[in-house]
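*Asks:*
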Amino acid sequence: MEARRSFAGLWSAQSLPVAVGAVLKLRLCELWLLLLGSGLNASFLPHEEDVDFINEYVNLHNELRGDVIPRGSNLRFMTWDVALSRTARAWGKKCVFEHNIYLQGVRMAHPKFYGIGENMWVGPENEFTASIAIRSWYAEKKMYNFINGSCSKNCSNYIQLVWDNSYKVGCAVTPCSKIGHIRHAAIFICNYAPGGTLTRRPYEPGTFCTQCGRRDKCTDFLCSNAERDEAIYYRFWYPKWEVPRPIVCDPLCTFILLLRILCFMLCVITVLIVQSYFPNILLERQMIFTPEESEEEKEEEEKEEKKKENEETEMELEIMEMEEEKEEGEEEEEETEKEKMEEEEK
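The UniProt record's numbering numbers the first residue of the sequence shown as 1 and each following residue consecutively.
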């Protein structure tokens, strides 16, 4: 309300003419209402590379993995992976509550890993938080029997969440106009590498960190490794199947662009140098320089042209004389014929 009052108060201070001011006020009020409307409909979901968003879901993953019951002896510490988050974003843009069909392909879902794991959550956009989505996956542990390694209902999200070998995670949330019966929905996807399966129990029970690797250390009851957990940013990798695909120029692309610019500049410089040395060159009509003709040659050409013109005029005069002679002969013949006719009549 205060913003609207200040906006209205701004107009009261204007000194424009009444007619112009009224039209301008009307147009700006329409723009103001449009901005308000777009602000109400705008999505406030976090971007997949937002640092606070990344820290929230990565820390929650590690917290839940460290609190598993029974205790885990070999669960790995998880860190963020940008390629996994790009894959999650690319599939989320399709706005379908179905698993990604490209997860098992080589370099289709990640430049390094294949056999990627995936968890999905769908709900109203205004109800989304990373905590709600991830804890709903963890709640599936009620359906999992750790003794015999079986699920009474769907518990694949829980198994992937606590899968011991997984140590990279990347998530993204995408707004959708409608998914299923949910309008103004949000789809939250997390991808994991290496991915989990349903062929065995998700981790080995025991005292935490007792089955870590030789170079691992224990961090928050999980096995961490500085070399393994190092962030790789994959600057020039994006999923090939993403539509629309981001425009990315890798080193080869950059080299070709620079080479084309350099060649263009060299061509321009070459043309300028040639024109400076040969100012009378005719680039459009001829590509080889030819010297100017001498004055004598020009005079001879003019004389020849005049001769041709004189010959043509003489020929025309002769033709005209011949035509006149023919006409006179024809007239004489007609007169003689008339005279003969008159004599015969007499």
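Using N, Cα and C, we set each Cβ at its ideal position, and we do this for glycine too.
This structure is a prediction, so every number in the text was calculated from the model and none was measured.
Just curious, the alpha helix (DSSP H) that Val255 is in, first and last residue?
*Replies:* For clarity, residue 255 is Phe in the given sequence; the question names Val instead. Residues Pro251 to Tyr277.
*Asks:* Please give the ranges of any beta strand (DSSP E) in the stretch 122-198, keeping only runs that are unbroken, at least 3 residues long and fully inside the region.
*Replies:* 168-179 and 182-193
*Asks:* Under 8 Å: do the stretch 88-98 and the stretch 178-189 share three or more Cβ pairs, one atom per stretch?
*Replies:* yes
*Asks:* Would you identify the three-state DSSP class for Trp91, choosing helix, strand or coil?
*Replies:* Taken through DSSP and simplified to helix, strand or coil, Trp91 comes out as helix.
*Asks:* At the level of alpha carbons, what is the spacing between Glu304 and Leu258?
*Replies:* 58 Å
*Asks:* Considering just the uninterrupted stretch of the alpha helix (DSSP H) at Lys217, what are its terminal residues?
*Replies:* Lys217 -> not in any alpha helix (DSSP H); beta strand (DSSP E) instead, spanning Lys217 to Thr219.
*Asks:* Can you look up Cys223 in the DSSP assignment and give me helix, strand or coil?
*Replies:* strand
*Asks:* With Val173 and Leu60 assumed to form a contact (beta carbons below 8 Å), what rounded beta-carbon distance in angstroms separates them?
*Replies:* 14 Å between Cβ atoms; not a contact.
*Asks:* If we ignore side chains and look at the alpha-carbon of each, how far apart do Arg214 and Leu75 end up?
*Replies:* 14 Å
*Asks:* If you draw a straight line from the C-alpha of Asn119 to the C-alpha of Cys253, how long is it?
*Replies:* 35 Å
*Asks:* Can you tell me whether Asn119 is helix, strand or coil according to DSSP?
*Replies:* strand
*Asks:* My guess is that Asp229 and Tyr167 are in contact by the Cβ rule of under 8 Å, so how many angstroms apart are they, rounded?
*Replies:* 7 Å
*Asks:* Could you tell me if Tyr233 is buried or exposed, where buried requires 16 or more neighbouring beta carbons within 10 angstroms of its beta carbon?
*Replies:* exposed
*Asks:* How big is the Cα-Cα spacing for Phe146 and Ala139?
*Replies:* The straight-line gap separating the alpha-carbon atoms of Phe146 and Ala139 is approximately 14 Å.
*Asks:* Would you be able to state if there are at least three C-beta pairs under 8 Å between the stretch 198-211 and the stretch 88-108?
*Replies:* no
*Asks:* Do you know how far the Cα of Leu84 is from the Cα of Arg107?
*Replies:* 11 Å
*Asks:* Compute the Euclidean distance between the alpha carbons of Asn310 and Glu327, then round it to the nearest angstrom.
*Replies:* 26 Å
*Asks:* Looking at the structure shown, is Gly213 part of a helix, part of a strand, or coil, going by DSSP?
*Replies:* coil
*Asks:* Taking 8 Å as the limit between beta carbons, can you name the residues of its chain near Phe204, skipping five residues before and five after?
*Replies:* Checking the sequence shown, residue 204 turns out to be Glu, not Phe. Same-chain partners within the cutoff: Gly72, Ser73, Asn74, Asp164 and Gln211.
*Asks:* Span of the alpha helix (DSSP H) holding His99?
*Replies:* It is not in any alpha helix (DSSP H) - His99 carries neither H nor E in the DSSP assignment.
*Asks:* When the Cα of Thr79 is compared with those of Ile281, Ile261, Ala193 and Val169, which residue comes out closest?
*Replies:* Val169
*Asks:* Can the beta-carbon of Ala193 be found closer than 8 Å to that of His110?
*Replies:* yes
*Asks:* Between the C-alpha atoms of His184 and Trp237, what's the straight-line distance to the nearest angstrom?
*Replies:* 30 Å
*Asks:* Kindly indicate which residue of Ile134, Ile132 and Lys153 has the alpha-carbon position closest to the one of Lys142.
*Replies:* Lys153
*Asks:* Helix, strand or coil: which one does DSSP assign to Glu207?
*Replies:* Reading off the sequence, residue 207 comes out as Thr, not Glu. Reduced to three states, the DSSP call for Thr207 is coil.
*Asks:* By the 10 Å Cβ neighbour count, where 16 or more other Cβ atoms means buried, how is Phe128 classified, buried or exposed?
*Replies:* buried
*Asks:* Are Gln160 and Gly206 touching if we call contact CB-CB under 8 Å?
*Replies:* Their beta carbons are not under 8 Å apart, which means Gln160 does not touch Gly206 by this criterion.
*Asks:* Exposed or buried, what is Leu222 when buried is set at 16 or more other beta-carbons lying within 10 Å of its beta-carbon?
*Replies:* buried
*Asks:* Is it buried or exposed for Glu344, if we count other Cβ within 10 angstroms and need 16 for buried?
*Replies:* exposed
*Asks:* Considering only C-alpha positions, which residue in the set Cys95, Asp50, Val58 and Ile182 is nearest to Phe77?
*Replies:* With respect to the C-alpha of Phe77, the residue from Cys95, Asp50, Val58 and Ile182 having the closest C-alpha is Val58.
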